[in-house]
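From first to last, the protein sequence lines stand for chains A and B. All letters in the first sequence, in the order written, are residues 137 to 424 by this note's numbering. All letters in the second sequence, in the order written, are residues 8 to 299 by this note's numbering. In this text, a Cβ means the ideal position worked out from N, Cα and C, and glycines have one as well.
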Amino acid sequence: MMFLQDTYDYFSLPLMLLGIYSLMAMGLQLILGGAGLLSLGHAIFFCIGGYTSAIISSTYLPLITDSNLLQLILSALCAFLVSGFFAFFMIIPCLRLKENYFAMATLALGEVLSTVIKNLDFTGGIRGFKDIPSLDINPLIVGLIVLIVYLVLRRFYKSSMGYIIRSTRDDDIALQSLGISHFKSQIIAFTLGSAIAGMGGGFYAHTIQFMSPEEGSFNRSIEILLAVVIGGMNSLTGSLIGSLVIVAIPEILRFGPSEIAQNRNVFFASAVILLMLFRPKGLIKHGS
Amino acid sequence: MYDFLQYLLDGLAIGSVYSLIAVGYSLVFGVLRMVNFAHGEFFMLGAYLFMFFFNLKIPLWISFVLSALFVGMLSVGMERFLYKPLRKSGRFAPLIMAVGLSLFLQNFVQIIFSPNPQSFTVSLPEGIIQWGEDILIRKKDIYIFAITLVLTFVFDAFIRFTSFGRAIRAVSMHPQAAMLVGIPFNRIISITFFLGAVMAVVGGVMQGMSTNQIWPFMGVHSGLKAFAAAVLGGTGELWGAVLGGFFIGISESLLVGYDLSMYKDGLAYLILVVFLLYRPQGILGKKLTVKV
Chain A
137 MMFLQDTYDY FSLPLMLLGI YSLMAMGLQL ILGGAGLLSL GHAIFFCIGG
187 YTSAIISSTY LPLITDSNLL QLILSALCAF LVSGFFAFFM IIPCLRLKEN
237 YFAMATLALG EVLSTVIKNL DFTGGIRGFK DIPSLDINPL IVGLIVLIVY
287 LVLRRFYKSS MGYIIRSTRD DDIALQSLGI SHFKSQIIAF TLGSAIAGMG
337 GGFYAHTIQF MSPEEGSFNR SIEILLAVVI GGMNSLTGSL IGSLVIVAIP
387 EILRFGPSEI AQNRNVFFAS AVILLMLFRP KGLIKHGS
Chain B
8 MYDFLQYLLD GLAIGSVYSL IAVGYSLVFG VLRMVNFAHG EFFMLGAYLF
58 MFFFNLKIPL WISFVLSALF VGMLSVGMER FLYKPLRKSG RFAPLIMAVG
108 LSLFLQNFVQ IIFSPNPQSF TVSLPEGIIQ WGEDILIRKK DIYIFAITLV
158 LTFVFDAFIR FTSFGRAIRA VSMHPQAAML VGIPFNRIIS ITFFLGAVMA
208 VVGGVMQGMS TNQIWPFMGV HSGLKAFAAA VLGGTGELWG AVLGGFFIGI
258 SESLLVGYDL SMYKDGLAYL ILVVFLLYRP QGILGKKLTV KV
């Protein structure tokens, strides 16, 4: 039994990180593979969600209920709503930009928001937010949420809105000529995807119990983008596999020679370059 | 009032470096309609290679020429072998490729040199000129500003009066029509990448000489701001990019001067968003036919 307990303890952190990355990757997959919008500021919603959870769980939530599970659910819900709210107001002006310009605008807005977070008082400023309650978060809960989100998104892709979102990606002009607004579907996809990332951020805050403005940096956005691209932009399952690759490889490399472990970013970057050269649509082929 | 003038002058020096990088972004965007995200890395690589050659006891000018040639060839190679195959494969492939390249170059430099900032031992003439009662100008800053202006004039003349320059302008006006009249499209693209990279190398070396320090992430740091400068000036416009660089440099220096330095790094991005949304053609740009 001791052995099982130790194994569980060892794997619980990477497992939770895997769940959190999967949430973020699925959110970005909906935006990139679903609606065809390249968001380079995805991590800022993760950051916003994390701070939301951090703030409400260390101040307001204990006043409402004593149950850790209920607090965790409420905290995740708030993270989801608040980051969705920010995403909604960010996307509307950005939608008049196309392709690369849209990507640049999301990148820039992400950096602007992270500068703002660095300068606010209630976020702890540049030193970060410490002592976030863990609320007994465990891999089981995170895994369950990932499963629910996965199933809901799968179902969502099959709904009429899901089809509209995907046809926005393929040909927005054809869609417009059918009298369907692609703005609405893009707004829904972006808001929902960012809100899911925000929920991931909430779980992250409880897992690590510390949040800093760096969590929303461009580098993390790139990591998630890699997860989605490795798995294949058009595949929801692919983004789960991509997150597995992103989280598992550093854990495995930890046992290898330390030179490789320290320089993992070079391997990631080379992987992206090779993928783009030989399989620009991602490793996994998607049926549609 | 004196304070304001002082910050303005400081800003011109910072802005010169942004301008030199922005020119490359702008040119490449002009001919290929593509944002070369990895362009900032040429700036970083230029500074590192210059230092590397210089430490081998190679004379100053030769180290500069070597690093410019090397980085220029690298950029041409990158375009040939990594960007060109992607021209037809989807909207995001080149951008993601550029992000990957940028990440690769940063980390590669970290491995070869060191993740920590390195000292840059070459320096422009030290010394301070006092002007009036309160305004102090570093001699370095005058050199940097002057070199930027001279280079931009040379570059402008190159684009205006040489046949290569005419070809670059033709390709950025209408690639298909340019190909029809026999302009070697791919060679022009290569030349554009080469020239942009050389300008970035000059910027990198000057940045190193100005702060006496180089670090692996200086490329992303200044590169993204330079990109903002290029958009600000109107992508595809040479003088627009230079003006945009000065604009961002001066506004950063003003923010720092008036005790708002915490907001400094967000400012360039804020300017970028505002310009993208409300004046996507930039300060000097003409209305684009492609709706952005």
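Asked: Out of G260(A), S211(A), G279(A), L217(A), which one is the CA nearest neighbour of P269(A)?; Found: S211(A)
Asked: In three-state terms, what does DSSP make of Q345(A)?; Found: coil
Asked: Around the C-beta of V170(B), are 16 or more other C-beta atoms found within 10 angstroms, so that it is buried, or is it exposed?; Found: The sequence shown places Ser at residue 170(B), not Val. By the 10 Å Cβ count, S170(B) comes out exposed.
Asked: Got a sec? Which residues, its chain only, sit under 6 Å from S189(A) by beta carbon, not counting five neighbours each side?; Found: S211, A215, G338, A341
Asked: Based on the DSSP secondary-structure assignment, which residues constitute the bridge partners of I144(B)?; Found: I136(B)
Asked: Quick one: what's got a C-beta closer than 6 Å to I262(A)'s C-beta in the same chain, skipping five residues either side?; Found: K254
Asked: Ignoring anything shorter than 4 residues or poking outside the stretch 32-69 of chain B, list the alpha helix (DSSP H) runs there in chain order.; Found: 46-62
Asked: Given a threshold of 16 other Cβ atoms within 10 Å of its Cβ, counted over all protein chains shown, does P191(B) qualify as buried or as exposed?; Found: exposed
Asked: Below 8 Å CB to CB, which residues in the same chain sit around I135(B) once its five sequence neighbours on both sides are set aside?; Found: L143, I144, R145, K146
Asked: For the alpha helix (DSSP H) that contains R302(A), what are its first and last residues?; Found: 296-306
Asked: Could you list the residues in the stretch 261-277 of chain B with a C-beta less than 7 Å from some C-beta on chain A, going in chain order?; Found: M269, Y270, D272, G273, Y276, L277
Asked: According to DSSP, which residues form a beta bridge with S126(B)?; Found: Q220(B)
Asked: For a test of the three-state rule: what should DSSP assign to F89(A), helix, strand or coil?; Found: Past the boundaries of the shown model lies residue 89(A); chain A is included only from 137 to 424, so the question cannot be answered.
Asked: Would I167(A) pass as an interface residue toward chain B - the criterion being a Cβ-Cβ separation below 8 Å?; Found: no
Asked: When Cβ atoms are compared, which residues of the stretch 221-243 of chain A fall closer than 8 Å to chain B?; Found: P229, C230, R232, L233, K234, E235, N236, Y237, A239, M240, A241, L243
Asked: Does the CB of T343(A) have a neighbour CB from chain B at under 8 Å?; Found: no
Asked: When you check each C-beta in the stretch 14-43 of chain B against every C-beta of chain A, which residues fall closer than 8 Å?; Found: M41, V42
Asked: Which residues of the stretch 102-131 of chain B have a Cβ closer than 7 Å to any Cβ of chain A? Give them in chain order.; Found: L102, I103, M104, V106, G107, L108, L110, F111, N114, F115, I118
Asked: Just how far apart, CA to CA, sit F44(B) and M152(A)?; Found: 33 Å
Asked: Can you find the residues in the same chain that come closer than 7 Å, C-beta to C-beta, to K298(B), ignoring five residues on each side of it along the sequence?; Found: In this prediction, K298(B) has a pLDDT of 41, which is less than 50 and means its spatial position is unreliable; what the coordinates show is noted afterwards. So no residue of the chain qualifies.
Asked: Answer with buried or exposed for S424(A), where buried requires no fewer than 16 other C-beta atoms within 10 angstroms of its C-beta.; Found: Confidence at S424(A) is low in this model, with a pLDDT of 42, below 50, so the placement of that residue is unreliable and no value is reported for it.
Asked: If we require 3 or more residues per run, which beta strand (DSSP E) segments fall completely within the stretch 155-211 of chain B?; Found: none
Asked: Assuming F324(B) contacts G79(B) under a Cβ cut-off of 8 Å, what Cβ separation, rounded to an integer in Å, is found between them?; Found: This structure leaves residue 324(B) out entirely; chain B is present only between 8 and 299.
Asked: Rounding to the nearest angstrom, what Cα-Cα distance links Y286(A) and F292(A) in this structure?; Found: 10 Å
Asked: Find out if the Cβ-Cβ distance for the pair M138(A), A333(A) is shorter than 8 Å.; Found: no
Asked: Which of the three DSSP states is assigned to T201(A) in this structure?; Found: coil
Asked: To the nearest angstrom, how far is it from the Cα of G155(A) to the Cα of G329(A)?; Found: 15 Å
Asked: Is it right to say L280(A) is buried, meaning 16 or more other beta carbons lie within 10 angstroms of its own, or is it exposed?; Found: exposed
Asked: Looking only at C-alpha atoms, which of F403(A), E247(A), G185(A), L276(A) sits nearest to D145(A)?; Found: L276(A)
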